[in-house]
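Protein chains in written order, with the working numbering: chain R, 189 to 324; chain P, 189 to 324; chain X, 189 to 324; chain Z, 189 to 324.
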């Protein structure tokens with residue numbers, strides 16, 4: 189069982205939403221923040237770095253939004269739906285745009301971009317799934 | 189001149205948007221991230237902490253979104269309007285909700301909440317102003 | 189295979205250090221940042237919140253240092269040992285102090301503190317292990 | 189009066205340390221986090237980006253440690269000297285190494301690196317000054 193799942197199981201502020209959807213979103217946000225941070229770093233080490241500037245920039249933005257959103261969805265106490273929803277929407281948008289960019293570089297052989305694109309797609313789906321659970 | 193302004197003035201990727209609006213948004217995001225972090229801490233030290241739980245939670249969420257958004261609007265290279273806009277919208281939402289909560293406690297005499305509410309209002313306005321400059 | 193491991197495997201700046209030790213440290217930092225964020229939130233929802241103020245404060249500090257250190261050890265390009273070492277030392281210190289506090293509350297029945305203490309212990313060990321690999 | 193100063197003045201957990209030294213450290217950490225984030229972005233837009241890879245990497249590490257340390261020194265409640273000291277030491281180290289790198293590029297005409305080096309020097313001094321106030 190992941191730490192995220194165990195922290196949800198032991199929370200005194202039990203979420204009113206589906207726990208599996210919540211845990212998956214928490215994990216996807218933290219994993220994507222890590223993958224985007226590492227992808228920006230890998231792009232920096234590539235010989236064709238000049239072609240990867242947009243990828244690095246989107247990686248950095250996506251890492252920041254995933255990190256913030258991962259923290260926000262880790263909190264169950266006094267949950268404010270408007271704030272959680274706007275964070276999830278921003279995170280899903282960043283994951284979509286960054287995932288598209290990484291996919292393009294992955295098709296040209298950048299393996300780290302392929303892994304990062306996968307992390308972005310999973311996180312986008314997880315945010316979208318959680319959005320259906322947090323009432324507007 | 190603030191560091192934020194000097195960093196914009198020396199950027200090789202000059203923003204196409206109004207620099208004063210941009211600099212004010214950068215500064216407001218970083219100031220609000222700091223104020224919300226400090227307000228959560230001050231609430232923790234209050235004797236009536238149990239009444240301040242929602243305030244602490246909103247402070248923490250707002251600090252996280254302001255920190256992420258402050259970083260994102262500090263970047264001018266390969267700017268992607270969709271990502272910047274969704275971050276600004278999430279930040280403005282968090283500032284509005286957190287500012288409302290802090291205002292309520294400020295009216296009951298919490299001075300740190302009064303200062304934090306001011307930082308939230310300024311940041312909300314600054315995000316809204318920058319949103320009018322970043323094309324949809 | 190975790191995303192952290194796959195990102196290391198595909199990095200064009202291969203680490204000179206033991207990959208298993210590195211991957212474990214990256215994962216432990218991100219897991220501990222999440223657990224500490226969730227533990228602070230769970231403490232906020234406890235009826236005896238006034239007794240948990242020190243725990244919340246240490247959770248927040250530990251989450252911030254784990255998040256920063258997790259990003260830093262995710263980067264392999266142009267690695268500067270002094271910076272990585274000082275981050276690992278700060279993170280290990282925060283994990284030790286926060287783990288001690290959480291352990292104390294765990295012995296009094298706080299289950300979320302028990303899970304968080306485990307995340308802190310693992311992260312402290314992982315930072316200490318990586319410190320032996322990054323030359324002073 | 190800055191928001192940081194006003195938040196300290198209204199804190200119910202008054203610091204036992206010199207307030208001017210504390211406020212300067214809080215402000216220097218947040219300003220340096222912003223400057224390093226913007227400097228990494230400016231480096232990304234330079235035609236000689238390949239020569240700036242080490243600068244970008246150090247900017248990113250320094251931004252992360254300044255952001256974490258800025259939050260930690262913003263908290264006055266249940267302050268734990270060991271944690272605060274290790275964060276300040278890590279932040280000062282990152283600022284010194286990043287400041288040295290930026291200085292080198294500033295001498296070659298990179299104006300954003302000159303501004304960032306100044307922010308790093310100020311933050312290093314501010315962390316060192318606060319370290320003399322927080323008992324070991």
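Glycine included, every Cβ here is placed at the ideal spot set by N, Cα and C.
Whole angstroms is fine: what's the gap from residue i's alpha carbon to residue j's?
| i | j | result |
| --- | --- | --- |
| residue 225 of chain X | residue 255 of chain R | 11 Å |
| residue 238 of chain R | residue 313 of chain Z | 35 Å |
| residue 186 of chain P | residue 323 of chain Z | Since the displayed chain P opens at 189 and closes at 324, residue 186 of chain P lies outside it and no answer follows. |
| residue 212 of chain X | residue 249 of chain Z | 20 Å |
| residue 271 of chain X | residue 242 of chain Z | 13 Å |
| residue 240 of chain P | residue 190 of chain X | 39 Å |
| residue 193 of chain X | residue 193 of chain R | 21 Å |
| residue 295 of chain X | residue 293 of chain R | 51 Å |
| residue 319 of chain X | residue 321 of chain P | 47 Å |
| residue 233 of chain R | residue 266 of chain Z | 42 Å |
| residue 277 of chain R | residue 247 of chain X | 27 Å |
By Cβ distance below 6 Å, which residues in the same chain neighbour residue i in space, the five residues on each side in sequence not counted?
| i | result |
| --- | --- |
| residue 251 of chain R | 221, 224 and 225 |
| residue 291 of chain Z | 305 |
| residue 288 of chain R | none |
| residue 219 of chain P | 307 |
| residue 317 of chain R | 209 |
Determine the DSSP secondary structure at residue i, reduced to helix, strand or coil.
| i | result |
| --- | --- |
| residue 206 of chain Z | coil |
| residue 236 of chain X | coil |
| residue 322 of chain R | coil |
| residue 306 of chain X | helix |
| residue 298 of chain Z | coil |
| residue 325 of chain Z | Because residue 325 of chain Z is not part of the residues shown, which for chain Z are 189 to 324, the question remains open. |
| residue 190 of chain R | coil |
| residue 201 of chain Z | coil |
| residue 212 of chain Z | helix |
| residue 289 of chain P | helix |
Which same chain residues, not among the five before or five after residue i, have their C-beta less than 7 Å away from its C-beta?
| i | result |
| --- | --- |
| residue 303 of chain Z | 223 |
| residue 273 of chain X | 319, 322 and 324 |
| residue 205 of chain P | 321 and 322 |
Count the other C-beta atoms from every protein chain shown that fall within 10 angstroms of the C-beta of residue i, then say buried if there are 16 or more, exposed otherwise.
| i | result |
| --- | --- |
| residue 207 of chain R | exposed |
| residue 298 of chain Z | buried |
| residue 236 of chain R | exposed |
| residue 245 of chain X | buried |
| residue 275 of chain R | buried |
| residue 215 of chain X | buried |
| residue 269 of chain P | exposed |
So, at 8 Å on beta carbons, what are the nonlocal neighbours of residue i in its own chain, with the 5 sequence-adjacent residues on each side left out?
| i | result |
| --- | --- |
| residue 195 of chain R | 262 |
| residue 300 of chain R | 226, 227, 230 and 231 |
| residue 264 of chain P | 196, 199, 201, 202 and 203 |
| residue 217 of chain Z | 254, 255, 257, 258, 261, 279, 311, 314 and 315 |
Task: contact_flag[the region 283 to 291 of chain R, the region 302 to 318 of chain R] where n(CB pairs < 8 Å) is 3 or more - done: yes
TODO: Anything in the region 216 to 234 of chain P with a Cβ closer than 9 Å to a Cβ of chain A? List those residues in chain order, please.
DONE: Absent from the structure: chain A. Protein chains present are R, P, X and Z.
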